[in-house]
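Visitor:
In UniProt numbering, the protein residues as written are 1 to 319.
#1: Checking the sheet assignment: what are the DSSP bridge partners for residue 48?
#2: Can you say whether residue 164 is buried or exposed, counting buried as having 16 or more other CB atoms within 10 angstroms of its CB?
#3: Using a 10 Å radius around the Cβ and a threshold of 16 neighbouring Cβ atoms, would you call residue 154 buried or exposed?
#4: Rounded to whole angstroms, how far is the Cβ of residue 261 from the Cβ of residue 290, which I believe are closer than 8 Å?
#5: To the nearest angstrom, how far is it from the Cα of residue 319 to the Cα of residue 110?
#6: Here's a check: name, in chain order, each residue in its chain whose Cβ is nearer than 8 Å to the Cβ of residue 275, leaving out the five neighbours to either side.
#7: Please state the DSSP three-state secondary structure of residue 241.
#8: Can you list, in chain order, the residues of its chain whose CB lies under 8 Å from that of residue 301, leaving out five sequence neighbours each side?
#9: If we ignore side chains and look at the alpha-carbon of each, how far apart do residue 140 and residue 218 end up?
#10: Can you give the Cα-Cα distance for residue 315 and residue 279, rounded to whole angstroms?
#11: Considering just the uninterrupted stretch of the beta strand (DSSP E) at residue 3, what are its terminal residues?
#12: Smallest Cα separation from residue 196: which of 216, 156, 84?
#13: Helix, strand or coil: how does DSSP classify residue 84 here?
#14: Residues in the same chain with beta-carbon distance under 7 Å from residue 183, minus the five sequence neighbours each way, listed in chain order, please.
#15: Would you call the stretch 113 to 123 in contact with the stretch 134 to 148, where contact means no fewer than 3 C-beta pairs closer than 8 Å?
#16: Beta strand (DSSP E) containing residue 292: first to last residue?
#17: How is the alpha helix (DSSP H) around residue 90 delimited, first residue to last?
#18: Name the residue from 43, 53, 121 whose alpha carbon lies nearest to the alpha carbon of residue 25.
#19: So, at 7 Å on beta carbons, what are the nonlocal neighbours of residue 284 in its own chain, with the 5 sequence-adjacent residues on each side left out?
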């Protein structure tokens, strides 16, 4: 798997990242192990988790696998904080540093390679929130820092603050939802991230699974849309406008002799500013299909057609 620099930093990451949001909930530890082994064998390095994923079990499982199955030094470990277990946003310095320490304990690590602010907390002064990033880096608990789910102006403000004085930890990443079905970040977030030198880490690059084409004729049993805890997450992308984009992806895939999954993932992977889409799978078999997209580069004509059919001026911005 090819590698890219994360933004304008020196940190190299595989151009696909392994998401672990379902580890400990929909993905059992043995399946997580199979996924991680397959990912590493394919040359993957970036593994993304968060303190609130599966109430911390995602980090616990990852930590166990780092001790038992793979060399920790072969991976770029990324985690996030700023959401309390009750769902409340908390960007206070007190909460963030305690959350980082708890993440390190769960993974049995002395540092993470990338620590990101999971959400923007409007009730805490941004300079206080960002001071926690500086402390994390200066203390050696994190090597690099970034933001997640920030609006364009929030990315710009955070990056500018961190650049204002020597010694502050620069914002090197911005993790947001981005796919053919969710291009609204191109209006403000992408330009802000490019200007700040922050690499984009798209989550749900397959449109919450819809771009695989699995929902073209209904909701399959066992899919996320059929699961009570994921149905509302997928539903916004099951409308007519999204279906039109999915059909274009399917047509392109048929013409290339590839899967719709590979086409949709290659499209977002090679967008300007993208370092690594974060891909999640319930099973190792699903991950195997995702990893096959590494071989796909879209012809200019196909990319242009997909750009046109998903253009922001013609589609609704989904939440």
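All C-beta atoms, glycine included, are put in the ideal place defined by N, C-alpha and C.
Guide: On the basis of the supplied data:
#1: The residue you call residue 48 lines up with position 48 of the chain shown. Answer by DSSP bridge pairing, in chain order: 19, 78.
#2: Here residue 164 refers to the residue found at position 164 of the chain shown. For residue 164, the number of other beta carbons within 10 angstroms of its own is below 16, and it is reported as exposed.
#3: Within the chain shown, residue 154 is the residue found at index 154, counting from 1. With 16 or more Cβ atoms within 10 Å of its Cβ, residue 154 is classed as buried.
#4: As a working mapping, residue 261 is identified with position 261 in the chain shown. As a working mapping, residue 290 is identified with position 290 in the chain shown. Rounded, the Cβ-Cβ distance is 7 Å, consistent with contact.
#5: Here residue 319 corresponds to residue number 319 of the chain shown, with the count starting at 1. Here residue 110 corresponds to residue number 110 of the chain shown, with the count starting at 1. At residue 319, the pLDDT of 45 sits below 50, so the modelled position is not reliable; the number obtained from the coordinates is stated separately. Each residue's Cα considered, the two are about 37 Å apart.
#6: Counting from one through the chain shown, the residue named residue 275 turns up at place 275. So the list reads 4, 5, 6, 7, 13, 15, 173, 199, 200, 201, once near-sequence residues are dropped.
#7: As a working mapping, residue 241 is identified with position 241 in the chain shown. When secondary structure is reduced to three states using DSSP, residue 241 falls in the helix class.
#8: Translated into positions along the chain shown, residue 301 becomes position 301. The answer is none, since no qualifying residue turns up.
#9: As a first step, residue 140 must be located in the chain shown, where it is residue number 140. As a first step, residue 218 must be located in the chain shown, where it is residue number 218. Approximately 49 Å, taken between the alpha carbons.
#10: Taking the first residue of the chain shown as 1, we reach residue 315 at position 315. Taking the first residue of the chain shown as 1, we reach residue 279 at position 279. Since pLDDT at residue 315 reaches only 43, below the 50 mark, its modelled position is unreliable, and the value read off the structure follows with that caveat. When only Cα atoms are considered, residue 315 and residue 279 end up about 24 Å apart.
#11: Locating residue 3 in the chain shown gives position 3, counting from the first residue. First-last of the beta strand (DSSP E) with residue 3: 3 to 5.
#12: Your numbering for residue 196 matches position 196 in the chain shown. Residue 196 has its Cα closest to that of 156, out of 216, 156, 84.
#13: The residue you call residue 84 lines up with position 84 of the chain shown. In this structure, residue 84 counts as coil in the three-state DSSP scheme.
#14: Here the question's residue 183 lines up with position 183 in the chain shown. 310, 312.
#15: Output reads yes: the stretch 134 to 148 touches the stretch 113 to 123.
#16: Taking the first residue of the chain shown as position 1, residue 292 is located at position 292. Per DSSP, residue 292 lies in no beta strand (DSSP E) and is assigned neither H nor E.
#17: Taking the first residue of the chain shown as 1, we reach residue 90 at position 90. No residue range can be given for residue 90, since it is assigned to no alpha helix (DSSP H) and is classified by DSSP as neither H nor E.
#18: Position 25 of the chain shown, counted from the start, is the residue given in the question as residue 25. Just measuring C-alpha positions, the residue of 43, 53, 121 sitting nearest residue 25 is 53.
#19: Position 284 of the chain shown, counted from the first residue, corresponds to residue 284. If we look at residue 284 and ignore the five residues flanking it on each side, its Cβ neighbours are 31, 34, 35, 38.
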